[in-house]
Amino acid sequence: MVSRVIPVDDFDLVIFGGTGDLARRKILPGLFRRFRSGQMPENARIIGAARSDLDDAAYRKDIKAAIVEFTAEEARPAGDLKAFLERLHYVKVDALGTDGWSALKKLVRKDVVQAFYFSVAPSLFGAIAERLHSNKIAGERARIVVEKPFGRDLESAKALNKTLRDHFDESQIYRIDHYLGKETVQNLMAVRFGNMLFEPLWNAQYVDHVQITVAETVGVDGRGAYYDKSGAMRDMVQNHLMQLLCLIAMEPPSRFDPDAVRDEKLKVIRALEPMEREDVVRGQYTGNEDTKSFVEEADNPDSLTESFIALKIAISNWRWAGVPFYLRTGKRMKARQSEISVIFKDAPHSIFGQDVEHHRNILSIRLQPNEGITLGVTIKEPGPGGMRLVDVPLDMTFAEALGPDAEDVPDAYERLIMDVIRGNQTLFMRGDEVEAAWAWTDPIINGWRDRSDRPKPYEIGSTGPEDAAVLLHKAGRRWREIKA
Ligand code: NAD
1 MVSRVIPVDD FDLVIFGGTG DLARRKILPG LFRRFRSGQM PENARIIGAA RSDLDDAAYR
61 KDIKAAIVEF TAEEARPAGD LKAFLERLHY VKVDALGTDG WSALKKLVRK DVVQAFYFSV
121 APSLFGAIAE RLHSNKIAGE RARIVVEKPF GRDLESAKAL NKTLRDHFDE SQIYRIDHYL
181 GKETVQNLMA VRFGNMLFEP LWNAQYVDHV QITVAETVGV DGRGAYYDKS GAMRDMVQNH
241 LMQLLCLIAM EPPSRFDPDA VRDEKLKVIR ALEPMEREDV VRGQYTGNED TKSFVEEADN
301 PDSLTESFIA LKIAISNWRW AGVPFYLRTG KRMKARQSEI SVIFKDAPHS IFGQDVEHHR
361 NILSIRLQPN EGITLGVTIK EPGPGGMRLV DVPLDMTFAE ALGPDAEDVP DAYERLIMDV
421 IRGNQTLFMR GDEVEAAWAW TDPIINGWRD RSDRPKPYEI GSTGPEDAAV LLHKAGRRWR
481 EIKA
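Quick note, the sequence shown lines up with residues 1 to 484 if you use our numbering.
Shown next as structure tokens:
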């Protein structure tokens, strides 16, 4: 198999916050990989725009250090790195003032694709959009890319949408959710809609329940104060897990185009039933001799913020009536594991006696580690001794199935940035989707606040509070294992 790199139009990409953590860790190393794979047109440029007082040479030096830090040595040959750095420029810009805007205007070309990446605090999004507009920097082919968090509730998300739309059309606004850029997440759509095999079974008649787990081992180190105001519901569920849920639950769009896909996702969010209190478990990690507790990291002994959440969600439509969607995500858990699993119902009758009840088909989509898709099927255990059944995975670990090609799969950020340049919004959230997700989330969060709900403690390295297991046990189900 030969890797195919689809050429993109010439572009100027301006990264507001080009000296920040996200730019240094993800955006620029990702762009370097695209450059190496031959996807960057000859004249395409990247312009860092931030508050620090730097010139091109100093910026290149800084980004060189970032790429050396975040890219494996064999993946950064000196010649390639040097050629890439020559594409970099820098403008000192004050998002809240007047400094730097005319210099930026002079530098940015109007006759190519212009992508303005807002990799800055959300409080600056409006000011930057306004200045791009009033300084007449943005041309006809301009797009803006907005990082999370997109608001902290419905009201702030609406206000932010309004501010951005005052200066840009919805078709120019790219709200990034990097989960949608992951190869496996797109493969989920390919598996669902590219095969005859799954879609006929993809409904309440055949699916028992769905589980989505995003378990992290990291804590909130360094971001404690920010996270204390956010929590797992805002930081992970309202955006990332909700998007995954939509892709699993949506009706087949008529075409794989941005509005057709996003219309279907929006219908799922609008069909979510309001949550019952007993269907949510919140947790907060305690400390041990080596590691600080959540409240210590947040420097707030009275914090009521959840670092873990598990939910049982119901979707009110014909396809999913009666099928629970169990979601959980947390920090400082046993292992780093992200997985979506569709657990099918038992076969209606066992010709093998009791055994079949314990042999359900499970389609499991792993986001990390080892991206891949597995389908658990039941077969006969080989050898003599009668009909004993055993579950085996039909494994489609990409690295094995696709060989060296799988290694060249772009990571989420680089893929999404290239989609921006191409003008393809399919994998970006539309404004109404974001608002609908907040409209569902807000009453849940407000309920905790009004009742001063206290999250349940859980130990570092565990799978969350015991109550999360009970959420499934009471329906005779259990969570998929998180493997350390
Ligand atoms: P950071 O604090 O490391 O960097 C902030 C950048 O903004 C710097 O380049 C700084 O110079 C620039 N800046 C600040 N004030 C400015 C002003 N007045 N004018 C012009 N530039 C100004 O932040 P970060 O971690 O890179 O995060 C950037 C954005 O991305 C935030 O919205 C964050 O929520 C989001 N995000 C970050 C990560 C991550 O892993 N870091 C992940 C997801 C989302």
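Beta carbons: idealized from backbone N, C-alpha and C, even for Gly. These figures come from a predicted structure and were not determined experimentally.
Among all the DSSP beta bridges, which residues are the ones paired with R282?
I309
Mind listing which residues have their beta carbon within less than 7 Å of any non-hydrogen atom of the ligand NAD? Chain order is fine.
F16, G17, G18, T19, G20, D21, L22, A23, R25, K26, A49, A50, R51, S52, V93, D94, A95, L96, S119, V120, A121, P122, L124, E147, K148 and P149
Could you give the first and the last residue of the continuous alpha helix (DSSP H) run that contains P457?
Element bounds for P457: not the alpha helix (DSSP H) but the beta strand (DSSP E), K456 to Y458.
Is M1 buried or exposed, if buried means 16 or more other CB atoms sit within 10 Å of its CB?
Reliability fails at M1, whose pLDDT of 38 lies under 50, so the model's placement of it is uncertain and no value is given.
To the nearest angstrom, how far is it from the Cα of P122 to the Cα of Y174?
14 Å
Bridge partners of M333, per DSSP?
S462
Buried or exposed: where does Q205 fall if 16 or more other Cβ atoms within 10 Å of its Cβ makes it buried?
exposed
Whose C-alpha, out of G287, A321, I315 and T374, is nearest the C-alpha of S462?
G287
I'd like to know whether the C-beta atoms of E306 and Q337 end up nearer to each other than 8 Å.
no
Whose C-beta lies closer than 8 Å to the C-beta of Y59 among residues of the same chain, with five residues either side of it excluded?
G18, T19, G48, L88, H89 and Y90
Just the Cα atoms here: how many angstroms apart are L180 and L311?
21 Å
Whole angstroms are fine: how far does the CA of A298 sit from the CA of D228?
6 Å
Would you please verify whether the beta carbon of G464 is less than 8 Å from any beta carbon of chain C?
Looking for chain C here will not work: only one protein chain is present.
If we call anything under 8 Å between Cβ atoms a contact, is V207 one with K345?
yes
Can you look up Q238 in the DSSP assignment and give me helix, strand or coil?
helix
For D12 and G97, I'd like the C-alpha separation in whole angstroms.
23 Å
Might you give, ordered along the chain, the residues of its own chain that have their beta carbon closer than 7 Å to the beta carbon of Y226, omitting 5 neighbours on each side?
none
Between the C-alpha atoms of S102 and H133, what's the straight-line distance to the nearest angstrom?
12 Å
Starting from L197 and walking both ways along the beta strand (DSSP E), at which residues does that stretch end?
It is not in any beta strand (DSSP E) - L197 carries neither H nor E in the DSSP assignment.
Cut-off 8 Å between Cβ atoms - residues of its own chain near P252, not counting five sequence neighbours on either side
R192, F193, E199 and E264
Could you spell out the range, first to last residue, of the alpha helix (DSSP H) harbouring K105?
W101 to L107
Using a threshold of 8 Å, state whether the C-beta atoms of L363 and I315 are closer than that.
no
Only counting the same chain, and skipping five residues up and downstream in sequence, which positions put a Cβ closer than 6 Å to that of L160?
G151
Short of 7 Å in beta carbon distance, which residues of its chain neighbour R454, apart from the five on each side in sequence? Order them along the chain.
L304
Just to confirm, does I144 get its C-beta within under 7 Å of one of the non-hydrogen atoms of the ligand GDP?
In the structure shown, the ligand GDP is absent; the only ligands present are the ligand NAD.
Output the residue ranges of the beta strand (DSSP E) runs that lie fully inside the segment 348-393 and measure 3 residues or longer, sorted by chain position.
362-368 and 372-380
Three-way DSSP call (helix, strand, coil) for M1 in this model
Reliability fails at M1, whose pLDDT of 38 lies under 50, so the model's placement of it is uncertain and the value that follows must be treated cautiously. Three-state DSSP puts M1 in coil, outside helix and strand.
Between the C-alpha atoms of E296 and G222, what's the straight-line distance to the nearest angstrom?
11 Å
Along the alpha helix (DSSP H) that carries R165, what are the first and last residues, could you check?
L154 to H167
Could you check which residue in V112, V146, R480 and V113 has the C-alpha nearest to that of A127?
V146
From what residue to what residue does the beta strand (DSSP E) around K92 run?
L88 to K92
Can the beta-carbon of V14 be found less than 8 Å from the beta-carbon of Q39?
no
Through-space distance from I144 to H167, alpha-carbon basis:
10 Å
Local Cβ density within 10 Å of M236, reported as buried at 16 or more and exposed below that:
buried
What does H178 pair with, by DSSP beta-bridge criteria?
Paired residues: none, contrary to the question.
Based on DSSP bridge pairs, tell me the residues matched to Q211.
Y326 and S341
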